[in-house]
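What follows is a set of notes on a single structure, which appears directly below.
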Amino acid sequence: MSTVRTDGTNMFVRWLTGKHRIRMGMPTTREATTSESASASETTTETTVTVRCTGHVRTELGKYEFEYTFEGDTLREFLDELFVEYPELQEMLIAESEEESTHSGWAPTPEELPGTWTKNPVGEQTIAYARILVNGHFNENEKGFDTELEEGDRVALVYPFMFCC
């Protein structure tokens, strides 16, 4: 399976074959010298996080918790790889428009909100009631999808069951 992605700074093709990942334009270990290998390892890190799932996400995947290793160190890179492996999660968690990310609540929204309120940009928001947490903090309260992940961090994919009346 191949993925072509443009992220504003460069375009690359990523081939995924199980756990084997080859990025075009990057030297292999046989081709790279020691100094090139050192610089390549600085730009491409591998991080392992614990993923915990609740509600609809747990039902979809059939598991509550698992370890996941990905190339990179941000929530965005984690989600990119996770969504390639589990495409149904992207449809389940990520809102494609502002309308999908906002629920129609019973209380009116004031014209001027108290404090500092920030929201992830469109395309980086979760659907209404779904959330992505890093170490117990909503990603919106950190750096959004640019939140840095470290080895052993916990990422929770939350989409609770909602019942009414």
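Using this note's numbering, the final residue of the sequence shown is 167, and nothing's skipped along the way. Heads up, the beta-carbon is just placed ideally off N, CA and C, and yes, glycines get one too.
CA-to-CA, the gap between Thr46 and Ile134 works out to about 24 Å.
Beta-bridge annotation (DSSP): Val157 is paired with Val53 and Val136.
Annotated three-state conformation of Thr76 is strand, per DSSP.
If you look at Ser103, you'll find it in the alpha helix (DSSP H) that goes Glu100 to Ser103.
With a cut-off of 8 Å on Cβ pairs, the region 56-65 is in contact with the region 156-163, counting three or more such pairs. Residue state for Glu142 is assigned as helix, using DSSP reduced to three classes.
Scanning Thr104, Glu90, Leu95 and Cys55 for the CA closest to the CA of Glu69 turns up Cys55. In the three-state DSSP reduction, Phe68 falls in the strand class (E or B). For Met164, there is no enclosing alpha helix (DSSP H), as DSSP gives it neither H nor E.
Membership of Pro89 in the alpha helix (DSSP H) is indicated by the continuous run Pro89 to Leu95. Under DSSP, the beta-bridge partners assigned to Glu150 are Thr76.
For the set Pro123, Pro112 and Val53, the Cα lying nearest the Cα of Leu81 is the one of Val53.
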